[in-house]
Every structure is written in structure tokens, then in C-alpha cells.
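Chemist: The structure's right below; bear with me while I get my questions together.
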Amino acid sequence: MAMAPPTTDAGDELESYSSLGLTVPHSQKGNAEFPKVLLLLSTYLDKTVQQNEELLDSSKVKESTTIFHGQRVPELSIKLYAERIFKYAQCSPSCFVLALIYMERYLQQPNIYMTSFSVHRLLITSVVVAAKFIDDSFFNNAYYGRVGGISTREMNRLELDLLFSLDFRLKVNLETFRSYCLQLEKEALALVLERPIKVHATNGTKPLICNGSVDETCKHEFVRERYSSQALQGCSW
Numbered sequence: 222m223a224m225a226p227p228t229t230d231a232g233d234e235l236e237s238y239s240s241l242g243l244t245v246p247h248s249q250k251g252n253a254e255f256p257k258v259l260l261l262l263s264t265y266l267d268k269t270v271q272q273n274e275e276l277l278d279s280s281k282v283k284e285s286t287t288i289f290h291g292q293r294v295p296e297l298s299i300k301l302y303a304e305r306i307f308k309y310a311q312c313s314p315s316c317f318v319l320a321l322i323y324m325e326r327y328l329q330q331p332n333i334y335m336t337s338f339s340v341h342r343l344l345i346t347s348v349v350v351a352a353k354f355i356d357d358s359f360f361n362n363a364y365y366g367r368v369g370g371i372s373t374r375e376m377n378r379l380e381l382d383l384l385f386s387l388d389f390r391l392k393v394n395l396e397t398f399r400s401y402c403l404q405l406e407k408e409a410l411a412l413v414l415e416r417p418i419k420v421h422a423t424n425g426t427k428p429l430i431c432n433g434s435v436d437e438t439c440k441h442e443f444v445r446e447r448y449s450s451q452a453l454q455g456c457s458w
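Residue numbers (the numbering used here): 222 to 458.
Listed below in C-alpha cells is the structure:
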């Protein structure tokens with residue numbers, strides 16, 4: 222059953238942005254303060270990982286190993302990892318909403334599921350890509366790698382893989398962004414997650430936000446220039 226799009230007015234929209242902590246720049250936040258979007262996103266991702274792993278354990282589906290899969294599960298929780306990214310990457314809170322959209326797009330590929338072995342790498346990579354797309358300033362991949370606990374070479378490879386998997390289609394229209402903000406808040410606050418991020422192509426299940434079009438034709442040249450040249454550095458393939 223398709224999820225109905227939330228109806229909003231300007232007041233509801235501003236309230237949602239404020240509730241998620243998207244309206245205060247990173248530089249104005251205290252060191253101990255984290256935007257609410259981090260908690261809501263990590264709660265959603267935790268639930269999604271649990272659902273996917275239960276599905277995989279039941280042997281109902283077959284999973285493909287991706288570049289985002291690690292050899293072991295990181296000790297740091299998703300929530301603490303998201304907070305670490307926000308604290309040290311100094312990106313805008315909106316990057317985490319955009320990262321969720323990119324993660325969902327990536328997971329539309331057949332037989333790819335987000336699990337405990339892949340969620341951390343997928344999150345840091347999606348946030349990095351989002352920061353480079355919407356923030357005025359950002360760091361290099363060597364720094365982001367240290368933030369995420371991975372090598373520069375691996376950070377480059379992960380970024381490149383995500384970009385090509387998305388076909389460099391990074392633009393998200395305002396209506397879709399609003400929908401994710403509202404639905405993420407409702408879903409996570411209620412702790413009622415009807416379905417995981419992963420969309421099963423075999424049964425027609427819809428993603429978290431199934432309404433609100435996305436500009437799939439946007440392939441800005443500056444996007445390729447901003448990402449691909451740096452991501453290719455240090456790669457041997």
C-alpha cells in the first residue's frame with residue numbers, strides 16, 4: 222500500500238525543520254548539542270537494519286556483497302557514529318536528510334540490503350556526497366576518512382561507487398526534501414517503521430517516500446568535477 226504524501230503549509234514546514242534541528246547552522250550549535258535529525262535518522266536506520274537482517278536470516282532473499290560491506294560489524298552504534306560525523310565533518314544538518322535520500326536510491330538495486338556490515342560506510346559516504354553537493358565548504362576525503370574510521374583510499378572508492386550507482390543524479394527537489402523531513406520525524410518518533418529502506422523489486426513495495434518527484438535528468442558538470450577527480454585519486458582501478 223502506497224504511503225500518502227503529507228500535506229503541509231508554511232507553518233508546518235518550518236515547524237518540522239525546526240524540530241529536526243535543520244534551521245540552526247552548525248557553527249551556532251554548542252559542542253554538546255546535536256540536531257534531532259541525528260536521533261531520528263539513526264533510529265530509522267537501526268530498525269531498517271534489524272528488519273533486513275531478519276529477512277536475510279529467514280533465507281527468503283539472497284544478498285549481494287557490496288563495496289560498503291565490512292569484514293566485521295563496527296563497535297560504534299549508528300547514533301554515535303552519526304554524532305561523530307556531525308561533530309567533526311561540520312556539515313549542515315540537512316546533509317543527513319539528503320544522505321537518507323541517497324541511501325534509499327542506492328538500495329533500489331536488486332539484492333542489495335543495508336545491514337550491520339554496511340550501514341556505517343553507506344552513511345558516511347552519503348553524508349560526504351551530500352555535503353559536497355549542498356554545503357558551501359567541505360573537507361577533503363583524507364579528513365572524511367579519518368572521521369569515518371576508514372582509509373583515504375577506501376573513502377575515495379566508496380564515494381566513487383556511490384556516485385556512479387546514483388549516476389551522479391544528486392539533485393532533490395524541495396517537495397521531496399520536505400516529505401522526507403516530515404515522514405522521517407513521524408516514523409521515527411512513533412517508532413513505527415512499516416517497511417525497511419530496501420525496496421523489494423519482486424513484490425512492488427514502495428520506498429519510504431513514494432510520492433514527490435525527483436529530478437532524474439540533472440547531471441551537472443560541476444558535480445562530476447567536484448567529486449570524480451578527487452575520488453579517483455589514490456584508486457588503482
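Where is the CB? At the ideal position from N, CA and C, for every residue including glycine.
Since the model is a prediction, treat every value here as computed from it, not as a measurement.
Using the C-alpha atoms, what's the distance from L301 back to M376?
Modeler: Working through the sequence shown from its first residue, we reach residue 376 at position 155. Working through the sequence shown from its first residue, we reach residue 301 at position 80. Their Cα atoms are separated by approximately 19 Å.
Chemist: Smallest Cα separation from R342: which of F360, T373, Q330 and E274?
Modeler: As a position in the sequence shown, residue 342 is number 121, starting the count at 1. Nearest option by C-alpha distance: T373.
Chemist: Does the beta-carbon of P297 have 16 or more other beta-carbons within 10 angstroms, so that it is buried, or is it exposed?
Modeler: In the sequence shown, the residue the question calls residue 297 occupies position 76. Residue identity differs from the one stated: residue 297 is Leu in this sequence, not Pro. That one is exposed.
Chemist: Measuring straight from C-alpha to C-alpha, what distance separates S386 and E254?
Modeler: Here residue 386 refers to the residue found at position 165 when the sequence shown is read from its first residue. Here residue 254 refers to the residue found at position 33 when the sequence shown is read from its first residue. Their Cα atoms are separated by approximately 34 Å.
Chemist: Compute the beta-carbon to beta-carbon distance between T336 and V282, rounded to the nearest angstrom, for a pair I have assumed lies under 8 Å.
Modeler: Residue numbering aside, residue 336 sits at position 115 when the sequence shown is read from its first letter. Residue numbering aside, residue 282 sits at position 61 when the sequence shown is read from its first letter. Between V282 and T336 the Cβ distance is about 12 Å, and since that is not below 8 Å, they are no contact.
Chemist: Considering only the alpha carbon of each residue, which of S339, V340 and L319 lies closest to E396?
Modeler: On the sequence shown, residue 396 is found 175 positions in, with the first residue counted as 1. The residue with the shortest Cα to Cα distance from E396 is L319.
Chemist: Is the region 360 to 371 touching the region 314 to 333 in the sense that three or more CB pairs, one from each, lie closer than 8 Å?
Modeler: Too few Cβ pairs lie closer than 8 Å, so no.
Chemist: Can the beta-carbon of Y365 be found closer than 9 Å to that of V349?
Modeler: Sequence index remark: in the sequence shown, residue 365 carries index 144 (1-based). Sequence index remark: in the sequence shown, residue 349 carries index 128 (1-based). Cβ atoms of Y365 and V349: closer than 9 Å.
Chemist: With respect to the alpha helix (DSSP H) encompassing L259, which residues constitute its N-terminal and C-terminal limits?
Modeler: Position 38 of the sequence shown holds residue 259. Start and end: K257 to D278.
Chemist: Once you ignore the five residues that flank E284 on each side, which residues in its own chain have a CB closer than 7 Å to its CB?
Modeler: Against the sequence shown, residue 284 aligns to sequence position 63. For E284, where only same-chain residues beyond five positions count, the Cβ hits under 7 Å are L277, N332 and Y334.
Chemist: Using C-beta distances below 7 Å, list every residue in its chain close to D436, excluding the 5 sequence neighbours before and after it, in chain order.
Modeler: Mapped onto the sequence shown, residue 436 falls at position 215. Because the pLDDT at D436 is just 42, under 50, the model does not fix this residue reliably, and the point stays unresolved.
Chemist: If you draw a straight line from the C-alpha of F307 to the C-alpha of T346, how long is it?
Modeler: Here residue 307 refers to the residue found at position 86 of the sequence shown. Here residue 346 refers to the residue found at position 125 of the sequence shown. Roughly 13 Å separates the two Cα atoms.
Chemist: Comparing alpha-carbon positions, which option in P256, L379, Y323 and D382 lies nearest F354?
Modeler: Here residue 354 refers to the residue found at position 133 when the sequence shown is read from its first residue. Nearest C-alpha to F354: Y323.
Chemist: DSSP on F338, reduced to helix/strand/coil?
Modeler: By one-based count along the sequence shown, residue 338 stands at place 117. Coil.
Chemist: Mapping the DSSP letters down to three states, classify C316 as helix, strand or coil.
Modeler: Numbered from 1 along the sequence shown, position 95 holds the residue referred to as residue 316. C316 falls in the helix class under three-state DSSP.
Chemist: Assign N361 to buried or exposed, taking buried as 16 or more other Cβ atoms, counted over all protein chains shown, within 10 Å of its Cβ.
Modeler: To locate residue 361, count along the sequence shown from 1; it is residue 140. N361 should be labelled exposed.
Chemist: Straight-line CA distance for S279 to K407?
Modeler: Within the sequence shown, the letter at position 58 stands for residue 279. Within the sequence shown, the letter at position 186 stands for residue 407. Each residue's Cα considered, the two are about 29 Å apart.
Chemist: In chain order, what residues of the same chain lie with their CB nearer than 7 Å to the CB of V294, ignoring the 5 residues before and after it?
Modeler: The residue labelled residue 294 in the question sits at position 73 within the sequence shown. Closer than 7 Å at Cβ, skipping near neighbours: S337 and F338.
Chemist: DSSP state of V348, grouped into three classes?
Modeler: For the purposes of this step, residue 348 is taken as the residue at position 127 of the sequence shown. The answer is helix: DSSP assigns V348 an H, G or I state.
Chemist: Around the Cβ of L321, are there at least 16 other Cβ atoms within 10 angstroms (buried) or fewer (exposed)?
Modeler: As a position in the sequence shown, residue 321 is number 100, starting the count at 1. Buried, because 16 or more other Cβ atoms sit within 10 Å of the Cβ of L321.
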